[in-house]
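Note sheet for the following structure.
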Amino acid sequence: MADASASGTSIGRKNIFKTLEFDTRLLGMVGAFVLVCIVFNVLTEGRFLTPRNIFNLTIQTVSVAIMATGMVFIIVTRHIDLSVGALLATCSAIMAMTQTQFLPSLGIDYGSPLMAPVAIVVGLLAGGLIGAFHGWLVGYLTIPAFIVTLGGFLVWRNVAWYLTSGQTIGPLDDTFQKLGGIGGTLGTTASWVIGALAVAAACYGILQARRARIAHEFPVKPVWAEATLMALAAALILGFVATLNAYSVPTRVLAREFEARGEVMPQGFTQGYGIPFSVLILIAVAVVMTVVARRTRLGRYIFATGGNPDAAELSGINTRLLTVKVFAMMGVLCALAGMVASARLSFHSNDIGTLDELRVIAAAVIGGTALAGGIGTIYGAILGALIMQSLQSGMAMVGVDAPFQNIVVGAVLVLAVLIDIIYRKKTGDV
Amino acid sequence: MADRSGTPLVEMRDVSVSFGGIKAVDHVTIDLHPGEVVGLLGHNGAGKSTLIKCLSGAYKMDAGEIYIDGKLVDIQNPRDARAHNIETIYQTLALADNLDAASNLFLGRELITPAGLVDDARMEAETRKIMARLNPNFKKFNAPVKALSGGQRQSVAIARAVYFNARILVMDEPTAALGPQETQMVAELIEQLKAQGIGIFLIEHDVHSVMNLCDRASVMKNGQLVGTVDVDKVTDEDILSMIILGKRPEVAAS
Chain R
1099 MADASASGTS IGRKNIFKTL EFDTRLLGMV GAFVLVCIVF NVLTEGRFLT
1149 PRNIFNLTIQ TVSVAIMATG MVFIIVTRHI DLSVGALLAT CSAIMAMTQT
1199 QFLPSLGIDY GSPLMAPVAI VVGLLAGGLI GAFHGWLVGY LTIPAFIVTL
1249 GGFLVWRNVA WYLTSGQTIG PLDDTFQKLG GIGGTLGTTA SWVIGALAVA
1299 AACYGILQAR RARIAHEFPV KPVWAEATLM ALAAALILGF VATLNAYSVP
1349 TRVLAREFEA RGEVMPQGFT QGYGIPFSVL ILIAVAVVMT VVARRTRLGR
1399 YIFATGGNPD AAELSGINTR LLTVKVFAMM GVLCALAGMV ASARLSFHSN
1449 DIGTLDELRV IAAAVIGGTA LAGGIGTIYG AILGALIMQS LQSGMAMVGV
1499 DAPFQNIVVG AVLVLAVLID IIYRKKTGDV
Chain G
978 MADRSGTPLV EMRDVSVSFG GIKAVDHVTI DLHPGEVVGL LGHNGAGKST
1028 LIKCLSGAYK MDAGEIYIDG KLVDIQNPRD ARAHNIETIY QTLALADNLD
1078 AASNLFLGRE LITPAGLVDD ARMEAETRKI MARLNPNFKK FNAPVKALSG
1128 GQRQSVAIAR AVYFNARILV MDEPTAALGP QETQMVAELI EQLKAQGIGI
1178 FLIEHDVHSV MNLCDRASVM KNGQLVGTVD VDKVTDEDIL SMIILGKRPE
1228 VAAS
């Protein structure tokens, strides 16, 4: 009897997920993430799931997560990029040198409104060009990506060193620093507005997809399933905003701000941080990359090439140029990640981005990107980065020794891939 | 019987391809008229696939010329071939396993919305329309083609060639992976396409289906053309001896 009822509920549950058309792999990852959070929350006696720690977790994840979205495309096309951490360092060095050396020598001094935008454009251009160069070596000269980027790993790490003579470069421009994290947030009101807009966009997207299916007379999900999806999306988005808003700026910092303006802080005044700009950048990157992956020809060709390179070539896709584009995107994203990382530190340091290539690849792989190519999602990679970061900072909070932290992270990476292999065998899923 | 008095649809003249000193195709000339099916026969390694891949842009010729409607054309890659309305159905089924039927059908020629995004709903609708015509049993529109049977995959590959109004169709052993019923389906389709005035090159191993489906047969051996014959004027044995012995029958040289 017990058996029968157990299997009965499991079938019922499966049907619910089926009707909602949830990706079971995504559910697994969310489950793993929730588990990590709960375990650490218990171990730290409730300090892990505080607004403050969640805020810190998100801003610590941004840099790796931005690069992981690009790594998805690289791995989907059956390549690899071992140079992302080094490329991040070179871009960061170029942006820092632009702010402290090149622009001042042109008469644009510290505090100029031109400083941050020019530095960012220069950095993104450099990243894009270097990435495109990697792609050209891989696509047109047919050198394996592993070799090209292994070489790039050494080259760009040391180009950064050479550019800065190994020195720490800073302080960076004030506006530039705002893109790093805690120094630049939206504030509570604007965060709520963004949250509301995001909810509206999510609901509109779901409705639009449904309308398109009805217009072509395809089967659609029941209305309650769509409504549940919308409610879930809304709860997630607003919950996230509420959490970030709940982290208040320390009273001392506020008092200092009032003092600087020559005012006195009213009694009991509080202010929440809200969504950091760096997280907004990550969200924008995630949206753009997801649209590229799912709704553009470029994305379709990336996945087709990963699934069957010969078929893609025979279908008239220029796979060589595609490789250049994919690596160029990776380069731009490295520059963007370098911008966030150096802004968060408020300076460029010689060891910035060290070991990031491994974190980025691990995030993409934990997020379900198959090294055999053809399979991977942007949201998976971001979730993968979040899981990695949660593990790392959770263990640091619990007081696990540094060597053990890395041992656990390494083991988790291998285990995650093993689980993925077993899952694919069981479901016969691709 | 196709009318062969006009300009040939395709003429491949004196084509040679070699791979590292080995002549895979050695001065071969073949032609194809509208509404005609020309079978290409020969042993494995006789050079049929290599020859035909020059027409579909997968390989480049070392020497020779290709004329379409009597005009010299330059085919460097699969895009050029498509621009001349040449569609190819490969033996190895050139499909991306991880994508669904609609994505494969439109691969390289996606329908897009005014905003420039891929229009998946419209592509699925078009795919449903053409599959209803070619293979009414086909239902798995949202599954990756990896999940499909050999016949279903073949119908996706054929749908791709048919949808884009091919004038010249190259089929490399289209029935190799299929069961009897699906083979019959392909045979009927070839008749249909022929009636529409499409010219078809059919690479086949099976002499029997060549006798049934083709108007002419060109036989290759060791990279060279043994000869081209009207299938009405020869027997199975004649063709077999061409394949095996490389011997041209006395009668019906065309």
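One line per chain: the protein sequences are R and G, in this order. Count along the first sequence from 1, then add 1098; that gives the number in our numbering. Count along the second sequence from 1, then add 977; that gives the number in our numbering. Backbone N, C-alpha and C define an ideal beta-carbon position, used for all residues, glycine too. For clarity, every value in this text was computed on a predicted model and none was experimentally measured.
{"Check": "Can at least three beta-carbon pairs, one atom from the segment 1453 to 1468 of chain R and one from the segment 1477 to 1485 of chain R, be found at a separation below 8 angstroms?", "Outcome": "yes"}
{"Check": "Within this structure, are the beta carbons of leucine 1032 (chain G) and proline 1011 (chain G) separated by less than 7 angstroms?", "Outcome": "no"}
{"Check": "Using 8 angstroms as the cut-off, can you tell me whether the segment 1389 to 1401 of chain R makes contact with the segment 1346 to 1364 of chain R, which would need three or more C-beta pairs spanning the two stretches below that distance?", "Outcome": "no"}
{"Check": "From alanine 1325 (chain R) to aspartate 1097 (chain G), what does the alpha carbon distance come to, in whole angstroms?", "Outcome": "23 angstroms"}
{"Check": "Using only CA atoms, which one of R:Ala1130, R:Val1291, R:Gly1279 and R:Val1219 lies nearest to valine 1430 (chain R)?", "Outcome": "R:Val1219"}
{"Check": "Three-state secondary structure (DSSP) at valine 987 (chain G)?", "Outcome": "strand"}
{"Check": "My assumption, with CB atoms under 8 angstroms, is that glutamate 1101 (chain G) sits in contact with phenylalanine 1118 (chain G). Please give the rounded CB distance.", "Outcome": "6 angstroms"}
{"Check": "Which residue marks the beginning of the alpha helix (DSSP H) containing isoleucine 1107 (chain G), and which one marks its end?", "Outcome": "1097 to 1111"}
{"Check": "Going along the segment 1370 to 1403 of chain R in order, which residues come within less than 7 angstroms of chain G, judged by CB to CB distance?", "Outcome": "Arg1393, Thr1394, Arg1395, Arg1398, Phe1401 and Ala1402"}
{"Check": "Give, in chain order, every residue of the segment 1292 to 1311 of chain R whose Cβ lies closer than 8 angstroms to some Cβ of chain G.", "Outcome": "Ala1310 and Arg1311"}
{"Check": "According to DSSP, simplified to helix, strand and coil, what is phenylalanine 1118 (chain G)?", "Outcome": "coil"}
{"Check": "For valine 1291 (chain R), count neighbouring Cβ atoms within 10 angstroms of its own Cβ and tell me buried if that reaches 16, exposed if not.", "Outcome": "exposed"}
{"Check": "For chain G, is any of its Cβ atoms less than 7 angstroms away from the one on isoleucine 1519 (chain R)?", "Outcome": "no"}
{"Check": "Around the C-beta of threonine 1525 (chain R), are 16 or more other C-beta atoms found within 10 angstroms, so that it is buried, or is it exposed?", "Outcome": "exposed"}
{"Check": "Between methionine 1094 (chain G) and chain R, is any beta-carbon pair separated by less than 7 angstroms?", "Outcome": "First, the amino acid is wrong: residue 1094 (chain G) is leucine here, not methionine. By this cut-off, leucine 1094 (chain G) is an interface position."}
{"Check": "Comparing C-alpha positions only, which one of R:Ala1441, R:Ser1488, R:Ser1444 and R:Leu1443 sits nearest to arginine 1457 (chain R)?", "Outcome": "R:Ser1488"}
{"Check": "Could you check where the beta strand (DSSP E) with glutamine 1201 (chain G) kicks off and where it finishes?", "Outcome": "1201 to 1207"}
{"Check": "For tyrosine 1036 (chain G) and valine 994 (chain G), which I take to be in contact (beta-carbon distance under 8 angstroms), what is that distance rounded to the nearest angstrom?", "Outcome": "6 angstroms"}
{"Check": "Between G:Lys1000, G:Arg981, G:Gly983 and G:Asp980, which lies nearest to leucine 1202 (chain G) when the distance is taken from Cα to Cα?", "Outcome": "G:Lys1000"}
{"Check": "For phenylalanine 1178 (chain G), which beta-bridge partners are listed by DSSP?", "Outcome": "G:Val1015 and G:Val1147"}
{"Check": "Do you know offhand how far methionine 1099 (chain R)'s Cα is from leucine 1125 (chain R)'s?", "Outcome": "With a pLDDT of only 35 at methionine 1099 (chain R), under the threshold of 50, the placement of this residue in the model should not be trusted; the figure read from the coordinates follows. Those two C-alpha atoms are separated by around 29 angstroms."}
{"Check": "Using a Cβ-Cβ cut-off of 8 angstroms (strictly less than) and excluding sequence neighbours within five positions of phenylalanine 1251 (chain R), which residues of its own chain qualify?", "Outcome": "Leu1180, Ser1181, Gly1183, Ala1184 and Glu1455"}
{"Check": "In the DSSP assignment, find the beta strand (DSSP E) that holds arginine 1193 (chain G) and state where it starts and stops.", "Outcome": "1193 to 1198"}
{"Check": "Please name the residue, chosen from R:Leu1155, R:Thr1196 and R:Thr1240, that lies closest to proline 1374 (chain R) on a Cα-to-Cα basis.", "Outcome": "R:Leu1155"}
{"Check": "Three-state secondary structure (DSSP) at glycine 1397 (chain R)?", "Outcome": "helix"}
{"Check": "Can you tell me where the beta strand (DSSP E) holding aspartate 1003 (chain G) begins and where it ends?", "Outcome": "999 to 1009"}
{"Check": "Taking just the CA atoms, how far does leucine 1146 (chain G) sit from glutamine 1014 (chain G)?", "Outcome": "Residue identity differs from the one stated: residue 1014 (chain G) is valine in this sequence, not glutamine. Their backbone Cα atoms lie some 9 angstroms apart in a straight line."}
{"Check": "With 7 angstroms as the C-beta to C-beta threshold (strictly closer), list the residues of the segment 1121 to 1153 of chain R near chain G in chain order.", "Outcome": "none"}
{"Check": "If you measure between the beta carbons of threonine 1421 (chain R) and alanine 1410 (chain R), is that distance less than 7 angstroms?", "Outcome": "no"}
{"Check": "Mind pulling the chain R residues with CB within less than 8 angstroms of aspartate 949 (chain G)?", "Outcome": "Limits of chain G in this structure are 978 at one end and 1231 at the other, which puts residue 949 (chain G) out of reach."}
{"Check": "May I ask you to list the residues that DSSP assigns as paired with threonine 1065 (chain G)?", "Outcome": "G:Val1147"}
{"Check": "Checking the sheet assignment: what are the DSSP bridge partners for leucine 1049 (chain G)?", "Outcome": "G:Tyr1044"}
{"Check": "With three or more beta-carbon pairs closer than 8 angstroms as the criterion, would you say the segment 1124 to 1144 of chain G touches the segment 1054 to 1072 of chain G?", "Outcome": "yes"}
{"Check": "When the Cα of isoleucine 1180 (chain G) is compared with those of G:Met1197, G:Leu1166 and G:Gln1169, which residue comes out closest?", "Outcome": "G:Met1197"}
{"Check": "Can you give me the Cβ contacts of alanine 1402 (chain R) inside the same chain, cut-off strictly under 6 angstroms, excluding the 5 residues immediately before and after it?", "Outcome": "Ala1410"}
{"Check": "State the Cα-Cα distance for the pair lysine 1423 (chain R) and valine 1377 (chain R), rounded to the nearest angstrom.", "Outcome": "25 angstroms"}
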